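Working notes, beginning with the structure itself.
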Amino acid sequence: MKKLSARVTLAVIVILTTGIGTFAFLASLYEIRVAKHHAEESCRDWASAVGYGIQAIVDASGKEEEARLIAEFLERQRGHNAMMGLQAFDVHLREMFPSQRFPVLNPVHSAALLTAIKAGRDTSYYEPDGILLNHLQPVWTLGPVGTTGGLTWGAVRVTMSMEEEWNRIRRTTITLLSGGLIAVVVTGFLLSRWLRRVVVRPIEQVESTLTALARGNMKARVSWTSGDELGSLARHVNQMADALAHQRELELELLHLSKLSDIGALAQGIAHNLKSPLTAVRGFAQLLQMQHPDLQHLDAIVRSADQISDIVDNIMYKSRQEQRGDRQPIDLNRLLREELRFLEADSQFKHQTEKVYRFAEDLPAVEGVYSDFSQCFTNLIRNALDAMHKSNRKQLTVETEKNGDGVIVRVSDTGSGIPKEHLDHIFEPFFTTKPIVGEAKPGEPTGTGLGLSTCVQLMKPYGAEIAAESEVGVGTTFTVRVPTRAGGA
Ligand SMILES: Nc1ncnc2c1ncn2[C@@H]1O[C@H](COP(=O)(O)OP(=O)(O)OP(=O)(O)O)[C@@H](O)[C@H]1O
Ligand SMILES: [Mg+2]
Numbered sequence: 001m002k003k004l005s006a007r008v009t010l011a012v013i014v015i016l017t018t019g020i021g022t023f024a025f026l027a028s029l030y031e032i033r034v035a036k037h038h039a040e041e042s043c044r045d046w047a048s049a050v051g052y053g054i055q056a057i058v059d060a061s062g063k064e065e066e067a068r069l070i071a072e073f074l075e076r077q078r079g080h081n082a083m084m085g086l087q088a089f090d091v092h093l094r095e096m097f098p099s100q101r102f103p104v105l106n107p108v109h110s111a112a113l114l115t116a117i118k119a120g121r122d123t124s125y126y127e128p129d130g131i132l133l134n135h136l137q138p139v140w141t142l143g144p145v146g147t148t149g150g151l152t153w154g155a156v157r158v159t160m161s162m163e164e165e166w167n168r169i170r171r172t173t174i175t176l177l178s179g180g181l182i183a184v185v186v187t188g189f190l191l192s193r194w195l196r197r198v199v200v201r202p203i204e205q206v207e208s209t210l211t212a213l214a215r216g217n218m219k220a221r222v223s224w225t226s227g228d229e230l231g232s233l234a235r236h237v238n239q240m241a242d243a244l245a246h247q248r249e250l251e252l253e254l255l256h257l258s259k260l261s262d263i264g265a266l267a268q269g270i271a272h273n274l275k276s277p278l279t280a281v282r283g284f285a286q287l288l289q290m291q292h293p294d295l296q297h298l299d300a301i302v303r304s305a306d307q308i309s310d311i312v313d314n315i316m317y318k319s320r321q322e323q324r325g326d327r328q329p330i331d332l333n334r335l336l337r338e339e340l341r342f343l344e345a346d347s348q349f350k351h352q353t354e355k356v357y358r359f360a361e362d363l364p365a366v367e368g369v370y371s372d373f374s375q376c377f378t379n380l381i382r383n384a385l386d387a388m389h390k391s392n393r394k395q396l397t398v399e400t401e402k403n404g405d406g407v408i409v410r411v412s413d414t415g416s417g418i419p420k421e422h423l424d425h426i427f428e429p430f431f432t433t434k435p436i437v438g439e440a441k442p443g444e445p446t447g448t449g450l451g452l453s454t455c456v457q458l459m460k461p462y463g464a465e466i467a468a469e470s471e472v473g474v475g476t477t478f479t480v481r482v483p484t485r486a487g488g489a
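Per UniProt numbering, residue 1 is the first one in the sequence shown, and the count goes up by one each step.
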């Protein structure tokens with residue numbers, strides 16, 4: 001993830017640097033244009049003013065004083081603008097009234113000067129170093145006083161050094177670039193922090209959540225929420241995590257069930273092995289009774305052996321039935337009796353629960369897999385007992401009834417009842433109001449919320465329906481209607 005963060009920062013810096021560099025370059029170009037324009041304009045204005053001045057002097061004065069007046073005029077003009085050089089040339093390109101300041105005319109100057117004088121057109125040009133700007137202004141006169149016809153008098157050259165301008169432009173460009181560099185660093189830093197927060201962090205969260213899920217932490221979720229694509233990615237990851245968690249719980253449940261069937265097989269083996277010593281105990285006790293009729297407590301031994309034998313039979317019957325995966329006719333009265341007898345092992349059920357059993361005598365058998373029904377009814381009965389955990393009066397009622405073509409089984413309790421808002425949800429997988437194992441107080445019932453949904457799944461192939469009626473604080477009745485011949489699957 002560090003790589004992504006570095007790439008984002010690099011991209012931000014490249015974009016900003018390019019932007020600010022382009023801006024500084026364009027700003028410098030503009031500055032150069034404006035500076036040149038201003039310089040050329042002031043050279044031209046001055047040269048043309050000086051040209052008119054000379055023309056006026058020549059036109060108005062006689063030959064003798066003309067030279068002196070022009071020399072004085074040029075000197076004054078030079079004094080006005082010390083930044084610029086000012087020269088006057090005659091038609092033979094000789095400098096009149098030399099200034100000493102720009103003494104030499106090189107071939108470039110000469111050619112340009114000649115063109116200006118001959119063509120009578122003013123012109124500007126830079127010297128090759130780009131620092132000196134020249135403007136050439138041809139000068140005409142009407143001729144000295146008393147003469148007629150226009151004459152080309154010569155030309156005026158104004159020279160200006162652009163050094164200051166170029167320095168100023170360089171300084172502006174450097175200021176722009178260094179200011180831009182600081183702006184790049186500051187903005188890049190802020191922008192990359194912001195991007196890290198809105199882009200990198202959610203992706204980091206998604207990555208760590210996926211890693212945690214892969215390591216088996218099914219509770220890991222992305223806490224990032226937003227309305228954009230990253231928010232939707234986070235939501236999808238969470239949905240996937242929910243689905244994975246469900247899947248894992250179902251797997252655990254399946255594992256649990258397969259363990260149960262292993263335990264069933266084990267129980268059946270143990271019960272089977274208990275049978276012969278138990279028959280021997282009972283036989284010897286009866287033999288002793290016959291041989292020594294005066295011996296006490298032998299009756300109790302025989303009765304206890306019978307009870308143990310009963311329990312062993314029950315275990316064997318139940319586990320044998322549960323091992324069978326095929327459909328068979330099932331007597332639900334017997335199945336319920338066996339399940340309830342099994343529950344007698346729980347002392348709270350045995351001693352503190354009032355039991356009312358009403359089993360219809362002419363109950364028809366239902367076709368099905370034994371364990372489907374035993375699991376379903378056990379869950380209903382366990383739910384009833386859990387609901388009465390805190391009740392003062394604990395009464396469990398289990399009834400069977402023949403109903404047309406089917407059988408009805410009712411399991412009622414005097415427990416806490418189910419609030420109306422929960423009634424619609426109790427058959428949903430994972431809906432539970434009980435704590436999970438490990439978070440419950442001592443003796444408090446725990447749950448995963450899979451019992452009733454499993455019941456619904458188990459009963460589906462038989463076309464059986466499960467309904468619940470409940471009143472909070474009074475109790476609950478679950479009614480299962482099983483058709484005797486429905487559901488051929
Ligand atoms: N007889 C009942 N009285 C009151 N509430 C009940 C009764 N039976 C079920 N419920 C409510 O329905 C919820 C779901 O029951 P379900 O059997 O599906 O799961 P559970 O009993 O919580 O857990 P699990 O059966 O997986 O151990 C229970 O948590 C409980 O709130
Ligand atoms: Mg349950």
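From the three backbone atoms N, C-alpha and C, an ideal C-beta is built for every residue, glycine too. The structure presented is a predicted model; accordingly, all values stated were derived computationally and were not measured.
When you measure from the CB of Gly451 to every non-hydrogen atom of ligand 2, does any distance come out below 7 Å? yes
In angstroms, rounded to a whole number, what distance separates the CA positions of Thr400 and Phe284? Approximately 41 Å between the Cα atoms of the pair.
With a threshold of 16 other CB atoms inside 10 Å of the CB of Leu295, please say whether the residue is buried or exposed. exposed
Out of Gly449, Glu361, Val184, Glu164, point me to the one whose CA is closest to Glu428's CA. For Glu428, the nearest C-alpha among the options comes from Gly449.
Between Pro103 and the rest of its own chain, which residues show a CB-CB distance below 7 Å, the 5 nearest in sequence each way excluded? In this prediction, Pro103 has a pLDDT of 48, which is less than 50 and means its spatial position is unreliable; nothing more can be read from the coordinates.
Taking only heavy atoms of ligand 1 into account, decide whether any of them is closer than 7 Å to the Cβ of Phe431. yes
Would you tell me roughly how many angstroms separate the C-alpha atoms of Arg157 and Phe89, rounded to the nearest one? If I take the Cα positions, the gap works out to 8 Å.
When you measure from the CB of Asp372 to every non-hydrogen atom of ligand 1, does any distance come out below 7 Å? no
Just checking Gly415 against ligand 2 - is the residue's beta carbon closer than 7 Å to any of the ligand's heavy atoms? no
Alpha-carbon spacing of Leu340 relative to Lys394, whole angstroms: 15 Å
Who does Glu469 pair with in a DSSP beta bridge? Thr477
Distance between Ile20 and Glu95 (C-alpha atoms, nearest Å): 50 Å
Can you tell me whether Thr152 is helix, strand or coil according to DSSP? strand
Residues near Arg121 by beta carbon distance below 8 Å, same chain, minus five either side: These residues qualify, in order along the chain: Thr115, Pro138.
Do the CB positions of Glu40 and Ser124 come within less than 8 Å of each other? yes
Does DSSP put Ile15 in a helix, in a strand, or in coil? If DSSP states are grouped into helix, strand and coil, Ile15 belongs with the helices.
What are the complete alpha helix (DSSP H) segments, minimum 4 residues, inside the stretch 158-235? 163-195, 201-214
Quick one: what's got a C-beta closer than 8 Å to Ile308's C-beta in the same chain, skipping five residues either side? Leu274, Leu278
By Cβ distance below 7 Å, which residues in the same chain neighbour Gln286 in space, the five residues on each side in sequence not counted? Val302
Is Ala467 near Ile418, with beta carbons less than 8 Å apart? no
Compare the C-beta of Ser374 with all C-beta atoms of chain D and state if any pair is closer than 8 Å. Looking at the structure shown, chain D is missing, and only one protein chain is on hand.
In whole angstroms, what is the alpha-carbon distance linking Ala387 and Ala280? Taking the straight line joining both Cα atoms gives about 43 Å.
Rounded to the nearest angstrom, what separates Ala214 and Ser208 at their Cα positions? Taking the straight line from one Cα to the other gives about 10 Å.
Segments of 4+ residues assigned as alpha helix (DSSP H) that fall wholly inside the stretch 60-97: 63-80
Closest residue to His389 among Gly51, Leu230, Gln375, Gly475 (Cα-Cα distance): Gly475
Quick one: is Arg358 buried, meaning 16 or more other Cβ sit within 10 Å of its Cβ, or exposed? So Arg358 counts as exposed.
Given Gly85 as reference, the closest of Ala67, Ala35, Leu136 once Cα atoms are compared: Closest option to Gly85, Cα to Cα, is Leu136.
Determine the DSSP secondary structure at His135, reduced to helix, strand or coil. strand
CB of Ile330 within 8 Å of CB of Ala365, strictly: yes
CB-CB under 7 Å to Arg248, same chain, minus the five flanking residues each way: which ones, in chain order? Met218
Ligand 2 heavy atom lying under 7 Å from the CB of Asn273: no
Determine the extent of the alpha helix (DSSP H) in which Arg382 is found, giving its start and end residues. 370-387
Whole-number beta carbon distance between Gly404 and Val482, since they are thought to touch under 8 Å: That pair is no contact at about 12 Å.
Output needed for Gly487: all residues of its chain with C-beta closer than 7 Å, excluding positions within five of it in sequence on either side, in chain order. Because the pLDDT of Gly487 is 49, which lies under 50, any placement of that residue in the model is unreliable, and the number read from its coordinates should be weighed accordingly. The answer, listed in chain order, is Pro461, Tyr462, Gly463.
Check whether the stretch 233-250 touches the stretch 190-209, counting contact only when three or more Cβ pairs, one atom from each stretch, lie closer than 8 Å. yes
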